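So for the sequence shown, numbering that gives the first Met the number 0 puts the first residue at 0; every next one is plus one.
Backbone N, C-alpha and C fix where the C-beta goes; we use that ideal spot for every residue, glycine too.
Predicted model, so just to flag it, every value in this text is computed and none were measured.
Here's the structure, in structure tokens; my notes come after.
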Amino acid sequence: MALITVIGASGRQGMAQVRQALAAGYKVRAITRSADPFAGEDFPGIDTVELRPMDLYDTDSYAAALEGSDYIFYTHPLQARADRAVLVGQVGAAAAALDVKRVVWNTSSWIPDKPGDAFTYAGNTKGINALWRSGAPGTVFGSVLFMDNLLTNWARPFIVSEGRYVYPHNPELEANWISLDDVAKFMLASLERPDMEGAWLNIGGPERMRGPQVAKVLSDTLGKPIKYDPCTPAEFGRYLVEAAGDSMPAAMREEFAKGIEAFYDYNNTAPTKPFAVDMGHVYERFPELEGKLESMAEWAPRQDWGEKNHRPAFG
Numbered sequence: 000m001a002l003i004t005v006i007g008a009s010g011r012q013g014m015a016q017v018r019q020a021l022a023a024g025y026k027v028r029a030i031t032r033s034a035d036p037f038a039g040e041d042f043p044g045i046d047t048v049e050l051r052p053m054d055l056y057d058t059d060s061y062a063a064a065l066e067g068s069d070y071i072f073y074t075h076p077l078q079a080r081a082d083r084a085v086l087v088g089q090v091g092a093a094a095a096a097l098d099v100k101r102v103v104w105n106t107s108s109w110i111p112d113k114p115g116d117a118f119t120y121a122g123n124t125k126g127i128n129a130l131w132r133s134g135a136p137g138t139v140f141g142s143v144l145f146m147d148n149l150l151t152n153w154a155r156p157f158i159v160s161e162g163r164y165v166y167p168h169n170p171e172l173e174a175n176w177i178s179l180d181d182v183a184k185f186m187l188a189s190l191e192r193p194d195m196e197g198a199w200l201n202i203g204g205p206e207r208m209r210g211p212q213v214a215k216v217l218s219d220t221l222g223k224p225i226k227y228d229p230c231t232p233a234e235f236g237r238y239l240v241e242a243a244g245d246s247m248p249a250a251m252r253e254e255f256a257k258g259i260e261a262f263y264d265y266n267n268t269a270p271t272k273p274f275a276v277d278m279g280h281v282y283e284r285f286p287e288l289e290g291k292l293e294s295m296a297e298w299a300p301r302q303d304w305g306e307k308n309h310r311p312a313f314g
């Protein structure tokens, strides 16, 4: 039974990867410095997950954490925006030294196919180059926008308590929202695919939706009217900082908020439409997943919209 090591396993994205890897029959190692990385979550096989610590900023900690891995799943920390290429390159170098079969990087954002796209998107291009140059066999997925963002500490209270779906998308912006479980399924499906070694692909969910359509799904799910109430990118940046609370150092809050503001100003106007995915091309590459990805109308009713122990600030 092959071993998948999940870096960032205590985050919502990493937890989905752990959950889906266990369901697919893999052994799983969770890289985390938390004594309780899953914060009360419970899913089949969770008691079999091995925990090991690692500090992404201390390469001396990598070998002991990653040794014995057949595959490594990596998701970049959201608050480490400027270090994207450095960190994934370091993970790749460690994986190459340990003869890991594949590093699969979930960028958590769109990957541009031409120069000129700014912010995290340009960082993704640099990060992919760093991973290829590390010597590790790699696959990269650009997952564009997560349904699970709606469950976070800043988004859910507006929806549940105030009947407002608040997001910094202009009403005409279209997005292929994807669930984190489906992102994990793409990562797993790529492992035995030789054509995906040294390859990247933008992925999204099966539907391209606008804000009012998302609000309709939420209304139907919660059984009450949910109004689409778009916020400005500047407001969104402040909401994220407030939701992060003490987990975000005070010294980085203003810069982080301004970065989020600029990022969403760009997303609302960029001609490349970073949240829209050509799913026809995706299904050409992964025909086994066509018809298997969940729509938001399927995803939303199976979520717990009540108070829970694990409510991360971000998706």
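- The beta carbon of Gly236 lies closer than 6 Å to those of Ala256, Ile259, Glu260 in the same chain, with the five residues before and after it left out.
- In the assembly as shown, Glu206 is a buried residue. Its beta-carbon has 16 or more other beta-carbons within 10 Å.
- When rounded, the separation of the alpha-carbon atoms in Pro156 and Asp112 is 36 Å.
- In the assembly as shown, Ser33 is an exposed residue. Its beta-carbon has fewer than 16 other beta-carbons within 10 Å.
- Pairing Ala135 with Val99 gives a Cβ-Cβ distance under 8 Å.
- Under the three-state reduction of DSSP, Leu292 is assigned to coil, being neither helix nor strand.
- Across the structure, Asp181 and Ile202 are spaced so that their CA atoms are roughly 10 Å apart.
- The beta-bridge partner set that DSSP reports for Phe185 is empty.
- The continuous beta strand (DSSP E) containing Arg51 extends over residues 49–51.
- Residue Tyr73 holds the alpha-carbon nearest to the alpha-carbon of Met53 among Tyr73, Gly137, Gly39.
- CA-CA distance, Ala154 to Lys226, rounds to 13 Å.
- Straight-line spacing of the CA atoms in Asn152 and Ala242 works out to 6 Å.
- Remark: C-beta atoms of Cys230 and Pro167 approach each other more closely than 8 Å.
- With a cutoff of 8 Å on beta-carbon distance, Thr106 and Phe140 are scored as near each other.
- In the structure shown, the three-state DSSP call for Val143 is coil.
- When the beta-carbon positions are compared, Ala8 and Met14 come within less than 8 Å of each other.
- The way I'd put it, the region 169–179 does touch the region 208–216; three or more beta-carbon pairs between them come closer than 8 Å.
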